[in-house]
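Here is the structure we will look at, set down as structure tokens.
See the structure below:
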């Protein structure tokens, strides 16, 4: 019973982060599950099955609050679903951990760019409507779906920063669209795991606990996205991308434990300063407009 309560809390926290930032349900819940000694294969399979329910509730919530761009959703989700299924088949033969550091390095660079852009080049008073072509969204869906299945979570961390990197994109709409599309990706990946790994990789009680926590958090996260200003949300998302991926990047290099903690501490301080700076800049802009 205690383990199920812990899993429910993990599902709640993971979905709160994912629904608020458009990413990291898989990365967050997998990290917690592995910390508690759950086997990697069982953790990944259970998380993807749980995501079917949590992403369904999250998608409905984001749709209700007007956080979804339908045109982007359709162009992104179809190639992503096909690629997620193929990724699940691929994972049955090749360990996904081998390519994680390279993907994380790319995402870290994207996170730095997003923080920089929202700090210095975005004004919340002038939102823009952005039209993205199929030539951009289809390859993005293919890459995101594949790495989501192979890496145990990657749809949000790949698609969210790539969409946010396009000038004029609203963080609220990006997060809502990515979170909604993830339902189809989760279904496709789960079907792949069921076909190539079998039902024995799923623990129904663990999945149910993750689902309960995630379902409770989903509407709360959708509301958070709507009330947080886009300029602040962009900095939060970018910094989170950096923190989330720097650990995988550091595994490529022989960095001692003290060095790793030092780097993490510096990044967190810089992230906090960026948030403070954004809040101060926003306050000054409002004062100048009122004057």
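Numbering (the working numbering), first residue to last: 1072 to 1362. For glycine and all other residues, C-beta sits at the position ideal for the given N, C-alpha and C. Please read all numbers here as calculations on a predicted model, not as lab measurements.
Closest to residue 1293 by CA distance: which of 1144, 1132, 1319 is it?
Indexing the chain shown from 1 puts residue 1293 at position 222. Nearest option by C-alpha distance: 1132.
Where do the ends of the alpha helix (DSSP H) carrying residue 1150 lie?
Locating residue 1150 in the chain shown gives position 79, where the first residue counts as 1. 1141–1162 is the extent of the alpha helix (DSSP H) around residue 1150.
Residue nearest to residue 1353 in terms of C-alpha spacing, selected from 1189, 1256, 1278, 1233
Here residue 1353 corresponds to residue number 282 of the chain shown, with the count starting at 1. Nearest of 1189, 1256, 1278, 1233 to residue 1353, Cα basis: 1189.
Same chain only: Cβ atoms within 7 Å of residue 1162, ignoring 5 sequence neighbours per side
The count along the chain shown starts at 1 and reaches residue 1162 at position 91. Cβ neighbours of residue 1162 beyond the five flanking positions: 1220, 1221.
Neighbour-count burial assignment, residue 1333, 16 or more Cβ in a 10 Å radius:
Against the chain shown, residue 1333 aligns to sequence position 262. The residue is exposed, with fewer than 16 neighbouring Cβ atoms inside 10 Å.
Using a threshold of 8 Å, state whether the C-beta atoms of residue 1312 and residue 1118 are closer than that.
For the purposes of this step, residue 1312 is identified with residue 241 of the chain shown, where counting begins at 1. For the purposes of this step, residue 1118 is identified with residue 47 of the chain shown, where counting begins at 1. No, the pair does not count as a contact, with Cβ atoms beyond the cut-off.
Return the CA-CA distance between residue 1173 and residue 1164, expressed in angstroms with no decimal places.
Taking the chain shown and counting its residues from 1, the one referred to as residue 1173 is at position 102. Taking the chain shown and counting its residues from 1, the one referred to as residue 1164 is at position 93. Looking at the two C-alpha atoms, the distance is approximately 19 Å.
Identify the continuous alpha helix (DSSP H) that holds residue 1209 and give its terminal residues.
Translated into the one-based positions of the chain shown, residue 1209 becomes position 138. Looking at the DSSP string, the run of the alpha helix (DSSP H) that includes residue 1209 is 1205–1221.
Does the distance from the CB of residue 1288 to the CB of residue 1086 come in under 8 Å?
Walking along the chain shown from the start, residue 1288 turns up at place 217. Walking along the chain shown from the start, residue 1086 turns up at place 15. Yes. Within cutoff.
Does the beta-carbon of residue 1339 have 16 or more other beta-carbons within 10 angstroms, so that it is buried, or is it exposed?
Sequence index remark: in the chain shown, residue 1339 carries index 268 (1-based). Flag for residue 1339 reads exposed.
Would you mind reading off the limits of the alpha helix (DSSP H) that contains residue 1246?
On the chain shown, residue 1246 is found 175 positions in, with the first residue counted as 1. Where residue 1246 is concerned, the enclosing alpha helix (DSSP H) stretches over 1242–1268.
In the DSSP assignment, find the alpha helix (DSSP H) that holds residue 1228 and state where it starts and stops.
By 1-based counting over the chain shown, the position of residue 1228 is 157. Counting along the chain, the alpha helix (DSSP H) containing residue 1228 begins and ends at 1226–1235.
DSSP state of residue 1312 mapped onto helix, strand, coil
For the purposes of this step, residue 1312 is identified with residue 241 of the chain shown, where counting begins at 1. Residue 1312 falls in the helix class under three-state DSSP.
Among the residues of its own chain, which have a CB less than 7 Å from the CB of residue 1264, if the five just before and after it don't count?
Sequence index remark: in the chain shown, residue 1264 carries index 193 (1-based). Correct list, in chain order: 1116, 1119, 1159, 1272.
Assuming contact is defined by CB atoms lying nearer than 8 Å, are residue 1183 and residue 1251 in contact in what I supplied?
Numbered from its first residue, the chain shown carries residue 1183 at position 112. Numbered from its first residue, the chain shown carries residue 1251 at position 180. Not in contact: residue 1183 and residue 1251 (Cβ atoms no closer than 8 Å).
With DSSP run on the structure shown, which of helix, strand or coil describes residue 1300?
As a position in the chain shown, residue 1300 is number 229, starting the count at 1. Coil.
Could you check the C-alpha separation between residue 1350 and residue 1202 for me, to the nearest Å?
The count along the chain shown starts at 1 and reaches residue 1350 at position 279. The count along the chain shown starts at 1 and reaches residue 1202 at position 131. Taking the straight line from one Cα to the other gives about 29 Å.
Which same chain residues end up closer than 6 Å to residue 1151 when comparing Cβ atoms and leaving out the 5 residues on each side of it in sequence?
In the chain shown, residue 1151 corresponds to position 80, counting from 1. Cβ neighbours of residue 1151 beyond the five flanking positions: 1212, 1215, 1216, 1256.
Using only CA atoms, which one of 1262, 1231, 1121 lies nearest to residue 1144?
Counted from its first residue, the chain shown places residue 1144 at position 73. For residue 1144, the nearest C-alpha among the options comes from 1231.
Does the Cβ of residue 1078 have 16 or more other Cβ atoms within 10 Å, making it buried, or fewer, making it exposed?
Here residue 1078 is taken as the residue at index 7 of the chain shown, counted from 1. Buried.
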